[in-house]
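Numbering that gives the first Met the number 0 applies: residue 0 is where the sequence shown begins, and numbers increase by one. Note that CB positions come from ideal geometry on N, CA and C, so glycine has one too. Everything below concerns the one structure shown next.
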Amino acid sequence: MDNERILHGPVAYSLVIHPPIVIENLLPESARYELMHASREQVIWWSDLKAGESVPVHTVGLDAPLLLLINVGYCRTPVGEGALIHHGSGKKNKYTQQYSRFPKVAVKNADKVLNAMTKIGHSKEERVATLIERAKAGYNAERANDRIIMSPSEKKRDLDSEKEVEFNSFENHDHEDDNNDNIAIQTEVARETSVTDSVGQRLTICIDNKQGGGGQRHITISCPYW
């Protein structure tokens, strides 16, 4: 009995290696696709794809936030724009941050920011004097509106809302990672983007962004009307 052994057939293992990014061009024409590091604003990969062609991208990691740029030849992604297709590690950068808790504050303060702008031709002294004058005028108008329009209950609600916004602002900046970088509140990845020709006409292009279990992404570019 000691010499008996349990025998079994060979065990087959399947090892599947997924590329981090796959770009598929379903546009009716060839196009150049570029991946830009959103924080560094550097193009880290590009390729020319024919209609119906797809390409795996192995040289780009999933730790970086990525923007997709498209160039069809006669139209391309406008300068300064790009479609966010991957969030990256979630560290602080200007493309993945979204202050979703401050829409009312942004709208409320938009006029103040615009009114504070001075003309380019003004001297330094004129700009300072203009800003001080506008600040005083805005403060006096605000006080007058409070006295005439707002009731005590409305003032209390407005004060409570401002306190809540300040608390949320502190809360958003309170979470940090090991590198002392604020963890960004991530936006949704782009579902569409636009390319522009030389006269400013825009064409909307659809982006189908599928994420796998390992974080890899399959990006399909198409356009319902051409």
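Within the region 52-81, the runs of beta strand (DSSP E) at least 3 residues long that lie entirely inside it are, in chain order, 53-56, 65-70. Secondary structure of C205 (DSSP, three-state): strand. D207 and A189 have their alpha carbons spaced roughly 9 Å apart. The three-state secondary structure of A37, taken from DSSP, is coil. Going by beta carbons, T76 and V194 fall inside the 7 Å limit. In the structure shown, the three-state DSSP call for I84 is strand.
Relative to I218, the option among L68, E3, A11, Y12 whose CA is nearest is L68. Taking one beta carbon from each stretch, the region 47-63 and the region 24-33 have 3 or more pairs nearer than 8 Å; the two touch. Straight-line spacing of the CA atoms in M35 and Q210 works out to 19 Å. When DSSP states are grouped into helix, strand and coil, D47 belongs to the strand group.
Distances from the alpha-carbon of W44 to those of L14, E33, R4 put E33 closest. Inclusion of D62 and G81 in the CB contact set at 7 Å is not warranted, their separation being larger than that value.
Apart from sequence neighbours up to five positions away, the residues of its chain that approach Q41 with a beta-carbon distance below 8 Å are M35, ordered along the chain. Under the three-state reduction of DSSP output, E191 falls in the strand class. The three-state reading of DSSP puts Q210 in strand, counting E and B together. Shown here for E28: same chain residues with a beta carbon closer than 7 Å to its own, the five before and five after excluded, namely A50, V71 in chain order. Taking P64 as reference, the option from V78, I16, E187, H17 with the minimal CA-CA separation is E187. According to the DSSP assignment, R216 belongs to the beta strand (DSSP E) that extends over 216-221. Remark: C-beta atoms of A37 and L66 approach each other more closely than 7 Å. In this structure, P18 lies near V56, with their beta-carbon atoms less than 7 Å apart. The Cβ atoms of I16 and V59 do not sit closer than 7 Å to each other.
The DSSP-derived three-state label of E23 is strand.
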